[in-house]
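Written out below as structure tokens is the structure these notes cover.
Number of protein chains: 2
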Amino acid sequence: MINTVSCSHMFSGISEENYGKMMSCFKSSPKKYSAGETICFYESKKRTVGIIETGRAVVVKTFYSGSQTILEQLSEGSIFGEVFYFHANTDGISVIAASNCTVRFIDYGKIMKSCHNACEHHSQLIENLFSIISCKAAELSEHIDVLSHRTIREKLMAYFQIQSSKNNSTQFKLPFSLSALADYISVDRSAMMREIKKLKEEGYIDIKQKEVTLLKEYIQ
Amino acid sequence: MINTVSCSHMFSGISEENYGKMMSCFKSSPKKYSAGETICFYESKKRTVGIIETGRAVVVKTFYSGSQTILEQLSEGSIFGEVFYFHANTDGISVIAASNCTVRFIDYGKIMKSCHNACEHHSQLIENLFSIISCKAAELSEHIDVLSHRTIREKLMAYFQIQSSKNNSTQFKLPFSLSALADYISVDRSAMMREIKKLKEEGYIDIKQKEVTLLKEYIQ
DNA sequence: ATAATTCTGTTGCATAAGCAACAAATTATA
DNA sequence: TATAATTTGTTGCTTATGCAACAGAATTAT
Numbered sequence: 000m001i002n003t004v005s006c007s008h009m010f011s012g013i014s015e016e017n018y019g020k021m022m023s024c025f026k027s028s029p030k031k032y033s034a035g036e037t038i039c040f041y042e043s044k045k046r047t048v049g050i051i052e053t054g055r056a057v058v059v060k061t062f063y064s065g066s067q068t069i070l071e072q073l074s075e076g077s078i079f080g081e082v083f084y085f086h087a088n089t090d091g092i093s094v095i096a097a098s099n100c101t102v103r104f105i106d107y108g109k110i111m112k113s114c115h116n117a118c119e120h121h122s123q124l125i126e127n128l129f130s131i132i133s134c135k136a137a138e139l140s141e142h143i144d145v146l147s148h149r150t151i152r153e154k155l156m157a158y159f160q161i162q163s164s165k166n167n168s169t170q171f172k173l174p175f176s177l178s179a180l181a182d183y184i185s186v187d188r189s190a191m192m193r194e195i196k197k198l199k200e201e202g203y204i205d206i207k208q209k210e211v212t213l214l215k216e217y218i219q
Numbered sequence: 000m001i002n003t004v005s006c007s008h009m010f011s012g013i014s015e016e017n018y019g020k021m022m023s024c025f026k027s028s029p030k031k032y033s034a035g036e037t038i039c040f041y042e043s044k045k046r047t048v049g050i051i052e053t054g055r056a057v058v059v060k061t062f063y064s065g066s067q068t069i070l071e072q073l074s075e076g077s078i079f080g081e082v083f084y085f086h087a088n089t090d091g092i093s094v095i096a097a098s099n100c101t102v103r104f105i106d107y108g109k110i111m112k113s114c115h116n117a118c119e120h121h122s123q124l125i126e127n128l129f130s131i132i133s134c135k136a137a138e139l140s141e142h143i144d145v146l147s148h149r150t151i152r153e154k155l156m157a158y159f160q161i162q163s164s165k166n167n168s169t170q171f172k173l174p175f176s177l178s179a180l181a182d183y184i185s186v187d188r189s190a191m192m193r194e195i196k197k198l199k200e201e202g203y204i205d206i207k208q209k210e211v212t213l214l215k216e217y218i219q
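Set out below in structure tokens:
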């Protein structure tokens with residue numbers, strides 16, 4: 000399941016000039032990685048924040064079996080690090096460069112402590128970090144709202160209603176494939192397809208490709 | 000479902016003297032409420048943090064039907080506010096005094112901005128806030144881990160395994176009733192009871208009252 | 001353009017899980 | 001202590017859902 004940090008940018012509201020100042024204050028210099036290279040492994044105690052300055056990368060979980068899942072897709076401006084990953088065990092999680100990229104690492108403690116050089120931007124940075132974490136938490140909360148319904152039908156409708164209200168419209172586009180949706184709502188894909196078919200037949204929804212339309216009020 | 004802010008204290012590491020200094024810096028004075036009184040209603044845009052200095056309170060969701068659920072139990076040192084509640088809609092959520100209590104309100108923005116008087120404690124405060132939010136997010140994440148299993152059996156075992164590893168023991172005490180557990184893992188209580196019985200019979204677990212023991216490795 | 005891979009759509013079958021309804025045990029409250 | 005309220009334990013019935021297995025569409029890679 001992909002869990003993007005889409006909500007806000009860590010350095011929004013901070014000029015490029017001040018960004019540079021802060022980086023020298025944080026004593027952080029960019030590092031280069033070529034496509035396919037491992038940027039880092041997650042360790043539970045580590046307290047650094049990574050920032051993708053250029054290029055793309057992925058956060059990957061590798062299972063004992065050797066199979067892998069992409070947990071997150073990172074692009075320019077994305078941040079990563081164990082502090083943003085709230086699971087207890089970070090075993091087998093690593094960040095891999097998807098293209099040639101430059102990455103900065105900042106000590107988490109340094110972000111928390113105020114610095115004298117750029118204090119006014121610093122508080123902006125902290126506010127941004129809060130909104131990123133809060134946003135992640137909101138996404139988790141939303142996911143729970145969907146998962147805590149008992150039936151596939153209810154999970155689907157809960158998900159659709161959230162998307163609809165986010166879009167301020169009864170019509171919206173699914174952000175991922177139907178297979179991924181089944182994964183997100185944690186149900187068997189074929190059973191989900193069956194339920195979608197029923198919902199269509201009963202006139203609750205219309206769905207072609209990834210375009211969904213809610214047709215009538217669903218009373219749970 | 001009760002969602003306690005148990006992880007860390009907002010003012011841990013800050014002396015009582017400095018706490019007072021900060022409060023005057025925040026221009027926050029304590030307000031008194033008597034048992035049963037409504038302390039506040041949640042509004043999505045509001046950006047204040049509440050702190051229970053003395054007494055107890057509850058965060059309650061009131062449905063259109065008039066029925067209520069306790070979302071959180073607050074005691075001395077607990078904090079509350081819409082910034083710690085990650086759901087989209089805050090409709091019908093209010094904080095009610097469970098006993099006579101004194102409460103402080105702090106503007107969220109003031110916490111973010113650094114102040115000159117007590118800067119060194121301020122960064123401690125911010126770090127504490129981060130750990131509170133991260134901890135909440137971790138709880139949500141844990142909940143998703145449980146809910147994303149397909150069967151009642153798998154959900155139960157996932158939950159038990161988390162509790163076991165938190166306790167560093169195959170034996171642990173459930174933090175809530177079996178009914179509440181059914182609620183937490185979002186399944187029918189009677190079906191859950193049936194599954195617990197089976198798990199007992201098959202020798203996976205032992206459970207009397209709220210004491211659970213994991214007896215053999217469960218291979219999911 | 002062709003091959004390979006992933007995604008979509010469908011079905012039969014077995015059973016897990018929801019629902020309702022009840023009694024007994026436990027805990028809370030007056 | 002008596003009474004109320006909640007929690008636990010159980011069962012029959014029905015059906016929703018997981019699983020396996022398949023074929024065709026749509027992507028993506030070569």
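Protein sequence lines, in the order shown, are assigned to chains A and B.
In this text, residue positions in the first sequence follow numbering that gives the first Met the number 0: the first is 0, and each later residue adds one.
In this text, residue positions in the second sequence follow numbering that gives the first Met the number 0: the first is 0, and each later residue adds one.
We put the beta carbon where it would ideally sit given N, CA and C, even for glycine.
Remember, predicted model here, so these are calculated numbers, not experimental data.
Partners in chain B for residue i, counting only beta-carbon separations shorter than 9 Å
i: A:MET111; result: SER122, GLN123, ILE125, GLU126 and PHE129
Chain A contact for residue i (CB, 8 Å cutoff)
i: B:LYS135; result: yes
i: B:PHE175; result: no
i: B:ILE105; result: no
i: B:ASN166; result: no
i: B:VAL48; result: no
i: B:PHE85; result: yes
Within-8 Å CB hit, residue i to chain B
i: A:HIS8; result: no
i: A:ARG149; result: yes
i: A:GLN82; result: The question names Gln, yet the displayed sequence has Val at residue 82 of chain A. With 8 Å as the cut-off, A:VAL82 counts as an interface residue toward chain B.
i: A:ILE13; result: no
Chain A residues whose Cβ lies nearer than 7 Å to that of residue i
i: B:ILE143; result: LEU139, HIS142, ILE143 and LEU146
Proximity to residue i [Cα-Cα], best of the options
i: A:CYS39; options: A:PHE25, A:LYS60, A:THR53 and A:MET22; result: A:LYS60
i: A:LEU173; options: A:SER130, A:VAL211, A:TYR84 and A:LYS154; result: A:VAL211
i: B:VAL58; options: B:PHE83, B:LYS45, B:LYS44 and B:ILE125; result: B:PHE83
i: B:THR169; options: B:PHE25, B:ALA181 and B:PHE159; result: B:PHE159
i: A:GLY12; options: A:LEU128, A:GLU81 and A:GLN162; result: A:LEU128
i: B:SER98; options: B:LYS209, B:GLY91, B:THR68 and B:GLU75; result: B:GLU75
i: B:ILE110; options: B:ASN88, B:THR89 and B:GLY49; result: B:GLY49
i: A:GLU52; options: A:MET9, A:GLU81 and A:LYS165; result: A:MET9
i: A:SER122; options: B:LYS112, B:ALA179, B:ARG55 and B:ASN166; result: B:LYS112
i: A:VAL94; options: A:HIS120, A:ALA87, A:MET192 and A:ARG55; result: A:ARG55
i: B:MET220; options: B:TYR203, B:LEU177, B:GLU201 and B:ASP205; result: Here chain B comprises residues numbered 0 to 219, so residue 220 of chain B is not present and cannot be evaluated.
i: A:LEU198; options: A:ASN167, A:ILE151 and A:GLU81; result: A:ILE151
i: B:GLN208; options: B:PHE171, B:SER189 and B:GLY202; result: B:PHE171
i: B:ILE78; options: B:GLN67, B:TYR107, B:HIS86 and B:ASP90; result: B:TYR107
i: A:GLU153; options: A:ASN167, A:GLU194 and A:PHE175; result: A:GLU194
i: A:ASP90; options: A:PHE25, A:ALA96 and A:GLN67; result: A:GLN67
i: B:SER43; options: B:GLU81, B:ILE204 and B:LEU70; result: B:GLU81
Under 8 Å from the C-beta of residue i: neighbouring residues of chain B
i: A:ILE132; result: PHE129, ILE132, SER133 and ALA136
*Relative to chain B, which residues along the region 185-201 of chain A have a C-beta separation below 9 Å, given in chain order?*
Taken in chain order, the members of the region 185-201 of chain A whose beta-carbon sits within less than 9 Å of a beta-carbon on chain B are SER185, VAL186 and ASP187.
*Contact between the region 23-38 of chain A and the region 97-112 of chain A: three or more CB pairs below 8 Å?*
The region 23-38 of chain A and the region 97-112 of chain A touch, with no fewer than 3 CB-CB distances between them shorter than 8 Å.
*the region 178-198 of chain B / the region 133-153 of chain B touching (three or more Cβ pairs under 8 Å)*: Touching, yes, given that three or more Cβ pairs across the two stretches are closer than 8 Å.
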